[in-house]
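To keep things clear, I will list the structure first and then write my remarks on it.
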Ligand code: MD6
Ligand code: FE
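Numbering (our numbering), first residue to last: 25 to 225.
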């Protein structure tokens, strides 16, 4: 796992937030539901790119269309693709960019990112807005964990050994950033979803 503290400067963060506001106007934030129980997540989500991650009573999956408005996800901003190129070490561009929006005590339980067919690519995460307490451990649930603070402009890369580690967000520290006028935190996670085609690299 690699943590690039302050990779995006303030101007880059502001530009990215503006692009995300335009995207969210087309692909509104939705509240995912836990499979089976239907319990709502405390985080609101949307996606950018050819595939988006969704969760509802039927399970977790990637799909090409927004679950409520039924249109394709907006494209990923160039700045996001550039970050992937810089830090992923992966030849092909990301297929999915999950946008998580945390407000008012939202958090995310420990989980593994394992709904992808291809684990050879890392997951790249970009944090904007209030600082989050990120918890991570090993690949077994119930193992020892540590925490890391993710501040606005930080980029985290989970690849190799860390690709399937358990991780989550314990809390977001209110008032730690002035980036978002209404407060809160945005996290973008960039992923490859499909298996690489032999010979296309
Ligand atoms: C978050 N992040 O930072 C949630 N997943 O809000 C994730 O779930 C995550 O940061 C895979 C890799 C990096 C991450
Ligand atoms: Fe995750």
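Beta carbons are placed, not taken as given, at the ideal position from N, Cα and C, and that holds for glycine.
Should residue i be counted as a contact of the ligand FE given a C-beta to heavy atom distance under 6 Å?
i           : result
residue 178 : no
For residue i and residue j, what's the separation of their Cα atoms in angstroms?
i           : j           : result
residue 227 : residue 180 : Past the boundaries of the shown model lies residue 227; the chain is included only from 25 to 225, so the question cannot be answered.
residue 150 : residue 101 : 13 Å
residue 183 : residue 34  : 26 Å
residue 55  : residue 186 : 28 Å
residue 131 : residue 219 : 30 Å
residue 161 : residue 167 : 6 Å
Is residue i near the ligand MD6 - that is, is its Cβ less than 6 Å away from at least one heavy atom of it?
i           : result
residue 193 : yes
residue 149 : yes
residue 31  : no
residue 182 : yes
residue 211 : yes
residue 124 : yes
Ignore the nearest five residues each way along the sequence and tell me which others in residue i's own chain have a CB closer than 6 Å to its CB.
i           : result
residue 172 : 158
residue 26  : 181
residue 90  : 51
residue 175 : 155
Using only CA atoms, which one of the options lies nearest to residue i?
i           : options         : result
residue 124 : 30, 208, 31, 32 : 208
residue 14  : 72, 60, 73, 205 : Residue 14 is absent from the structure shown; the chain starts at 25 and stops at 225.
Got a sec? Which residues, its chain only, sit under 7 Å from residue i by beta carbon, not counting five neighbours each side?
i           : result
residue 188 : 136, 138, 143, 163
>> Can you tell me which residues fall inside 7 Å of the ligand FE, judged by beta-carbon distance to its nearest heavy atom, and keep chain order?
In response: 135, 137, 147, 191, 213
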